[in-house]
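Undergrad: With numbering that gives the first Met the number 0, letter number 188 in the sequence shown gets 187, and the count goes up by one each step, no holes.
A virtual CB, placed ideally from N, CA and C, is assigned to each residue, including glycine.
Handing you this structure, nothing more for now.
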Amino acid sequence: MATAVEAETIQEPSIPATEPRPRPERLPLGPIKTVHVFWIAGMSCDGCTVAVAGATNPGIEGLLLGTVPTMPQVILHHTVLSVEAGEEFIQPLKDAWEGKLEDPYVIVAEGSIADERIAARTGGYFSAMGSQVLEGAEEGSPVATATWLSRLAPGAAATIAIGTCATWGGVPAAEGNPTGSMSLMDFLGKDYRSAFGLPVINIPGCAPQGDNFTETVFAVLLFLQGLGPLPPFDEIGRPAWLFGETVHRGCTRAGYYEEGIFAKNYGDPECLEPLGCWGPVVDCNIVKRGAINHIGGCMDVGGVCIACTMPGFPDKFSPFYKEPPGGLISTTMSKSVGAVIRRLRRLSNRNGNSEVRWDKLEHVPSGWANVPSMAPSLTMMEFFYKKWQFWGAKVPGRPPGTEDRFWGVDRPGTRSDYLDKSSAREDTDDRH
């Protein structure tokens, strides 16, 4: 928690007076035929771009081609993916700023926003795109990412932060950084609303799942088209249906945690919490959705969760690959309770892996291995378990004494040849 002195040094970013921030009238909802998407990169590594390019469900191709029913065609302005360059690339951004763009536009911010005032002290900049000739200057000066965001955000139909750097500040905003980096939400402030009345939408992850982004964009576009309600977002702007559960609740290794079995080395299949996994307290759907095309994901491929989707990342989850303080308590309790649960489940598993016929014959006709009979103590436990299981319910089969034969067994629990002929003759003679 920041002290009073530290709090005084944390200043809200100021927008220069030369960059007015008008609040245009709220745009009407749909129908929209075309929407421009301005992808503005700040302190980023382009990992979010790679993730979105790999999205498959839904993919971005349909939006770019305009072939998705009810969806507008998306015109993407991206420094990495666009064919245009130079002034041809920058001109649509200028048109949007000056209100000359006929169609609505959406801002997608990748990477944190640096405090350009720090770089300006030495005549430089941290992150910029394009250039402009300032008054009294002969040559153009780079236009900082922060300047583009302050120009375009008020008129945007929606403003989306993708990746942890843009949503929460991420690695560039970690303690001790020299750039004063911050998230898009910190930069625009609590009172920011888009031209459609939306606060900043946050889709975290380092890198995020591309499908999380495209699915959210689809849902928001349906809202902007007037074809559906605004999708649910949590109190800090995350899609609630994607980030409403912790990693642990959907983890393929969670069953081991419940039974008190933990990995000792990387590569072990058990729960990874002692090796530094923060999954039980992290809001993320990586193990449910996978990384790309529903394949992979940190824990699915043997990696621990380092909480890269959380606002406190990376500082509050450092050092990496060290057991969390609370993990020692929870794992100790899990081992104590899990030892009992594990043994009871093994008993139920053993019972479920045996046919009723095998139980009667006390023999498993498997050619793969010699399956031993259940120990007397386990048989006793099974007896009481079955009594409890069918308490107040009807036991499958016929009542005892109403059927002399059971699949070739003269009396339940005794061995006999299958369809013994002598026994069958006696039964036939009795009937006649």
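With distances taken between CB atoms, is the gap from A108 to A160 smaller than 8 Å?
TA: Taking the first residue of the sequence shown as position 1, residue 108 is located at position 109. Taking the first residue of the sequence shown as position 1, residue 160 is located at position 161. In this structure, A160 lies closer than 8 Å to A108 by Cβ.
Undergrad: What three-state label does DSSP hand D45 in the structure shown?
TA: To locate residue 45, count along the sequence shown from 1; it is residue 46. Residue state, collapsed to three classes: coil.
Undergrad: For the alpha helix (DSSP H) containing H247, name the first residue and the last one.
TA: In the sequence shown, residue 247 corresponds to position 248, counting from 1. First-last of the alpha helix (DSSP H) with H247: 246-249.
Undergrad: So, do the region 205-212 and the region 283-294 have three or more beta carbon pairs nearer to each other than 8 Å?
TA: Contact holds: three or more Cβ-Cβ distances are below 8 Å.
Undergrad: Please report the distance separating the alpha-carbon of P21 from that of A194.
TA: Taking the first residue of the sequence shown as position 1, residue 21 is located at position 22. Taking the first residue of the sequence shown as position 1, residue 194 is located at position 195. Only weak support is given to the placement of P21: the predicted model assigns it a pLDDT of 49, under 50, and the value that follows is read from those uncertain coordinates. Computed Cα separation, rounded: 10 Å.
Undergrad: Looking at the strands, I want to know which residues DSSP matches up with P270.
TA: Your numbering for residue 270 matches position 271 in the sequence shown. As written in the sequence, residue 270 is Cys, which differs from the Pro given in the question. Beta-bridge pairing links C270 to F261.
Undergrad: Check N348 in the structure and name its three-state DSSP category.
TA: If you number the sequence shown from 1, residue 348 lands on position 349. Helix at N348.
Undergrad: Against chain C, does Q208 count as a neighbour if the rule is that its beta carbon must be under 8 Å from one of theirs?
TA: Of the protein chains in this structure there is only one, and it is not chain C.
Undergrad: Classify P364 as helix, strand or coil using the three-state DSSP reduction.
TA: Walking along the sequence shown from the start, residue 364 turns up at place 365. In the structure shown, P364 sits in coil (DSSP, three-state: anything other than H, G, I, E or B).
Undergrad: Nearest-angstrom Cα distance between E60 and A145?
TA: In the sequence shown, residue 60 corresponds to position 61, counting from 1. In the sequence shown, residue 145 corresponds to position 146, counting from 1. If I take the Cα positions, the gap works out to 29 Å.
Undergrad: Do the region 94-106 and the region 32-45 make contact, defined as three or more Cβ pairs closer than 8 Å?
TA: The region 94-106 vs the region 32-45: in contact.
Undergrad: Do V246 and V300 have their beta-carbon atoms positioned less than 8 Å apart in this structure?
TA: Along the sequence shown, one-based indexing puts residue 300 at 301. Along the sequence shown, one-based indexing puts residue 246 at 247. Result no, Cβ atoms of V300 and V246 do not sit closer than 8 Å.
Undergrad: Have a look at A155, K393, L197, V79 and flag the residue whose alpha-carbon is nearest the alpha-carbon of P231.
TA: Here the question's residue 231 lines up with position 232 in the sequence shown. Nearest of A155, K393, L197, V79 to P231, Cα basis: L197.
Undergrad: Under 8 Å between the Cβ atoms of T308 and G169?
TA: For the purposes of this step, residue 308 is identified with residue 309 of the sequence shown, where counting begins at 1. For the purposes of this step, residue 169 is identified with residue 170 of the sequence shown, where counting begins at 1. Their beta carbons are not under 8 Å apart, which means T308 does not touch G169 by this criterion.
Undergrad: Specify the secondary structure class of A127 as computed by DSSP and reduced to three states.
TA: By 1-based counting over the sequence shown, the position of residue 127 is 128. Strand.
Undergrad: I'd like the list of long-range same chain contacts for T55, defined as Cβ closer than 6 Å, with 5 residues on each side in sequence excluded.
TA: Taking the sequence shown and counting its residues from 1, one reaches residue 55 at position 56. Cβ within range, chain order: N292.
Undergrad: Can you pull the DSSP bridge partners for M181?
TA: Locating residue 181 in the sequence shown gives position 182, where the first residue counts as 1. Bridge partners of M181: I112.
Undergrad: Can you have a look at A127 and say buried or exposed, based on whether 16 or more other CB atoms are within 10 angstroms of its CB?
TA: Sequence index remark: in the sequence shown, residue 127 carries index 128 (1-based). Buried: at least 16 other Cβ atoms inside 10 Å.
Undergrad: Whole angstroms are fine: how far does the CA of G325 sit from the CA of K359?
TA: Counted from its first residue, the sequence shown places residue 359 at position 360. Counted from its first residue, the sequence shown places residue 325 at position 326. The straight-line gap from Cα to Cα measures roughly 49 Å.
Undergrad: Which of the three DSSP states, helix, strand or coil, is assigned to P323?
TA: Position 324 of the sequence shown, counted from the first residue, corresponds to residue 323. If DSSP states are grouped into helix, strand and coil, P323 belongs with coil.
Undergrad: Between which two residues does the alpha helix (DSSP H) containing Q388 stretch?
TA: Taking the sequence shown and counting its residues from 1, one reaches residue 388 at position 389. Note, Q388: alpha helix (DSSP H), 375-388.
Undergrad: Use the C-beta contact count for V281: other C-beta atoms within 10 angstroms, 16 or more gives buried, fewer gives exposed.
TA: Against the sequence shown, residue 281 aligns to sequence position 282. With 16 or more other Cβ atoms within 10 Å, it is buried.
Undergrad: So for L63, helix, strand or coil by DSSP?
TA: Taking the first residue of the sequence shown as position 1, residue 63 is located at position 64. L63: helix per DSSP, three-state reduction.
Undergrad: Let me know the secondary structure DSSP gives I31 once reduced to three states.
TA: As a position in the sequence shown, residue 31 is number 32, starting the count at 1. In the structure shown, I31 sits in coil (DSSP, three-state: anything other than H, G, I, E or B).
Undergrad: From R116, G295, N201, pick the residue whose C-alpha is nearest to that of P238; which is it?
TA: Mapped onto the sequence shown, residue 238 falls at position 239. It is N201.
Undergrad: Please go through the same chain and pick out, in chain order, the residues whose beta-carbon is closer than 6 Å to the beta-carbon of P141, but skip the five residues on each side of it.
TA: Taking the first residue of the sequence shown as 1, we reach residue 141 at position 142. Excluding residues within five positions, the ones whose Cβ falls inside 6 Å are Y124, A127, S130.
Undergrad: Alpha carbons only, please: which of W277, V303, S329, K334 is nearest the one belonging to K315?
TA: Reading the sequence shown from its first residue, position 316 is the one you call residue 315. Minimum Cα distance to K315 is reached at W277.
Undergrad: For W390, is the classification buried or exposed, using 16 other Cβ atoms within 10 angstroms of its Cβ as the cut-off for buried?
TA: Here residue 390 refers to the residue found at position 391 of the sequence shown. With fewer than 16 other Cβ atoms within 10 Å, it is exposed.
Undergrad: Which residues in the same chain have their Cβ closer than 6 Å to the Cβ of P91, if we skip the five residues on either side of it in sequence?
TA: As a first step, residue 91 is located in the sequence shown; it is residue number 92 there, counting from the start. Around P91: H76.
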